[in-house]
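Undergrad: Here you go, one structure.
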Amino acid sequence: MRIVLLGAPGAGKGTQCKNIVGQYGLLHLSSGDILRRERAAGTELGKKAQGYMDSGALVPDEIIIEMMAGAIEEAPSAGFVLDGFPRTVNQAVALDKALDERSQTIDAVLNLEVDDKIIEARMTGRRSCPKCGAVYHIVNLKPKTEGICDNDGTELVQRPDDNPEVVANRLETYHRLTEPLVDYYRNSGTVYDFDANRDADEVKVSVLASKS
Ligand code: AMP
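Under this note's numbering, the first residue of the sequence shown carries the number 5, and numbering increases by one thereafter.
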């Protein structure tokens, strides 16, 4: 099964991906996580991506397409869930082409729909653990001790691209470049829409129900 998860940054793609992956044994491929790992490792790719990421812009298509084509090639035959890729029509066309060469297609596109105001509140309140990657929220998902990771006691940080100015840029970029992808995929009839303004658990129930 090959799934694309669409939705604005902060729509809950990462959380829903974990649910689907756990249920179906698929590989979770998050372009944002791969880029953050490259940055942490100080690779050439990480260095190239840095400036774009910190300002809320998209990393150029050719860099992302090459990176994700490599990741998809290593995916198990059970399939994968793509989280954060594709993000432009160009990237979606390149993905279709790469899959077509392997006689594969995308089976389902899950579209998480959320109001901008809710996204802003979610993202600017998000905190994460730099050590284990656990994600918290200052209002909706508090750690047991304020500012400290429940898993390993590390001090939580705000991702540089979750500050209000960068969040506004990321949302603008989403509406301009990524939202048109919903129509791109609707033309092939594989899109399932979800109201993701709700709690993550309620969204989980409807997403899993749609896939069973
Ligand atoms: P994310 O964690 O998915 O929100 O991604 C964080 C940042 O990585 C984005 O704001 C972009 O700068 C970059 N990025 C992630 N995925 C892509 C993609 N498919 N195309 C271009 N840039 C991306």
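C-beta atoms are modelled at their ideal positions from N, C-alpha and C, and glycine is treated no differently.
Can you determine whether any heavy atom of the ligand AMP sits closer than 7 angstroms to the C-beta of residue 55, and answer yes or no?
TA: Taking the sequence shown and counting its residues from 1, one reaches residue 55 at position 51. Outside the cutoff, so no.
Undergrad: Three-state secondary structure (DSSP) at residue 223?
TA: The structure shown does not extend to residue 223, since the chain is modelled only from 5 to 216, so the question has no answer here.
Undergrad: Just to confirm my understanding: we take residue 161, look at its own chain, exclude 5 residues before and 5 after, and list those with CB closer than 6 angstroms. What are they?
TA: Position 157 of the sequence shown, counting from 1, holds the residue named residue 161. Taken in chain order, the residues that qualify are 134.
Undergrad: In angstroms, rounded to a whole number, what distance separates the CA positions of residue 152 and residue 129?
TA: The residue given as residue 152 occupies position 148 in the sequence shown. The residue given as residue 129 occupies position 125 in the sequence shown. One C-alpha to the other measures close to 14 angstroms.
Undergrad: I'd like to confirm something about residue 4: is its beta-carbon nearer than 7 angstroms to some heavy atom of the ligand AMP, or not?
TA: Outside the displayed span of the chain (5 to 216) sits residue 4, for which this structure offers no information.
Undergrad: Let me know if residue 36 comes out buried or exposed under the rule of 16 or more other beta-carbons within 10 Å of its beta-carbon.
TA: Position 32 of the sequence shown, counted from the start, is the residue given in the question as residue 36. Result: buried.
Undergrad: Among residues of its own chain, excluding the 5 on either side of residue 154, which ones have a beta-carbon nearer than 6 angstroms to its beta-carbon?
TA: Here residue 154 corresponds to residue number 150 of the sequence shown, with the count starting at 1. So the qualifying residues of the chain are 147, 148.
Undergrad: Is residue 88 near the ligand AMP, in the sense that its beta carbon is under 7 angstroms from a heavy atom of that ligand?
TA: Within the sequence shown, residue 88 is the residue found at index 84, counting from 1. At least one heavy atom of the ligand AMP is nearer than 7 angstroms to the Cβ of residue 88, so yes.
Undergrad: From which residue to which residue does the beta strand (DSSP E) around residue 130 run?
TA: Within the sequence shown, the letter at position 126 stands for residue 130. Note, residue 130: beta strand (DSSP E), 130 to 132.
Undergrad: Within 10 angstroms of the Cβ of residue 187, are there 16 or more other Cβ atoms? Answer buried if so, exposed if not.
TA: For the purposes of this step, residue 187 is taken as the residue at position 183 of the sequence shown. Per the 10 Å Cβ criterion, exposed.
Undergrad: Count the other C-beta atoms from every protein chain shown that fall within 10 angstroms of the C-beta of residue 12, then say buried if there are 16 or more, exposed otherwise.
TA: Looking up residue 12 in the sequence shown gives position 8. Classification of residue 12: buried, given that the 10 Å Cβ count is 16 or more.
Undergrad: Between residue 85 and residue 30, which are expected to be in contact by the criterion C-beta below 8 angstroms, what is the C-beta distance as a whole number of angstroms?
TA: As a working note, residue 85 is residue 81 in the sequence shown. As a working note, residue 30 is residue 26 in the sequence shown. Yes, residue 85 and residue 30 are in contact; Cβ-Cβ is about 5 angstroms, under 8 angstroms.
Undergrad: Where does residue 144 land, buried or exposed, given buried means 16+ other C-beta within 10 angstroms?
TA: Residue 144 sits at position 140 when you count from the first residue of the sequence shown. So residue 144 counts as exposed.
Undergrad: Check whether the region 96 to 103 and the region 115 to 127 are in contact - that is, three or more C-beta pairs closer than 8 angstroms.
TA: These segments do not touch.
Undergrad: Identify which residue in 57, 59, 90 has its Cα closest to the Cα of residue 72.
TA: Within the sequence shown, residue 72 is the residue found at index 68, counting from 1. It is 90.
Undergrad: Quick check: what's the CA-CA separation for residue 197 versus residue 47?
TA: Residue 197 sits at position 193 when you count from the first residue of the sequence shown. Residue 47 sits at position 43 when you count from the first residue of the sequence shown. Roughly 37 angstroms between the two C-alpha positions.
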